[in-house]
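Report on the following structure.
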Amino acid sequence: MNKVYPDAKSALAGLLKDGMMIMSGGFGLCGIAETLSDAIRDSGVKNLTVVSNNAGVDGIGLSRLLETHQIKKMISSYVGENKLFAQQYLAGELELEFCPQGTLAERIRAGGAGIPAFYTKTGVGTLVAEGKEIKEFDGEKYLMERGLFADLAIVHAWKGDTAGNLVYRKTARNFNPMMATAAKITVAEVEHLVPAGEIDPDHIHTPGIFVKRIVEVGTALKRIEQRTTRKRETAAAPAGTGEEV
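Each residue of the sequence shown is one higher than the last, beginning at -7 in our numbering.
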């Protein structure tokens, strides 16, 4: 079975439909499947429910799908850094299911493991618990959260082989491995594609059994979400020189 596709458009061919649920890996701008999300935008598919920690930043990543109003609902834990995300939500143009970050991660992991629901203390007594079942265990209250399983997951990896095995680099791993297991179809974009067997089995983070299609996108642009700088103080001149260093 050939899993390698020449570009993002062909890798998504036949998979996209209106109203589907898509999981999109990444955290902020780290480890996002930017090439695949751009291809989803270009396809024109709409009324999407997207599961992602956030929606990138304005003009980058999933935010481009917000610009074209292709996303109907976000299931996320964070809105900050994206003014368009906040604006559309506050204007009633975008449905939003807020989910504590750890709970979101576990909902995705549970979905990939075939677990339909689980109980957690996180959110008990808050707005997060509204409309959810509360149950007591050993004298403590817990609320029930549903596992998440999508129609499609798009993930970004540092290295992959032609069999679909993936290796993520450092913090770019984030939500990607969990999402790769929690969808009917997982499509991966990788910076470096190597022949099957070249990756040490002990180094594989996502086994190829979970990945149906893969596309090589080259080295990703390492974007900075927030650049914080301070003015450099001029060093004092050596005594007697009358010069600044």
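Each residue gets a CB set at the ideal place from its N, CA and C atoms; glycine is no exception.
Check, Outcome
"Reference Glu26, options Val147, Ile196 and Met66, closest by Cα", "Val147"
"Touching by the beta-carbon criterion (3+ pairs, under 8 Å), the region 82 to 96 and the region 105 to 121", "yes"
"Distance CB(Thr173)-CB(Phe202) smaller than 7 Å", "yes"
"Selection from Gly152, Ile63 and Tyr70 that minimises the alpha carbon distance to Gly84", "Ile63"
"Straight-line gap, Ala0 to Ile107 (C-alpha atoms, nearest Å)", "31 Å"
"Assigned exposure category for Val237 - 16 Cβ within 10 Å defines buried", "With a pLDDT of only 46 at Val237, under 50, the local geometry of the prediction cannot be trusted, and no value is derived from it."
"Assumed close pair Ile32, Leu8 - CB separation to whole angstroms, cut-off 8 Å", "7 Å"
"Inter-stretch contact (C-beta, 8 Å, three-pair minimum) for the region 97 to 115 and the region 138 to 155", "yes"
"Beta-carbon separation (whole angstroms), Asn74 vs Gly115, contact threshold 8 Å", "Contact doesn't hold; Cβ gap of about 23 Å is too wide."
"Minimum C-alpha distance to Gly53 - residue among Glu98, Asn39 and Leu76", "Leu76"
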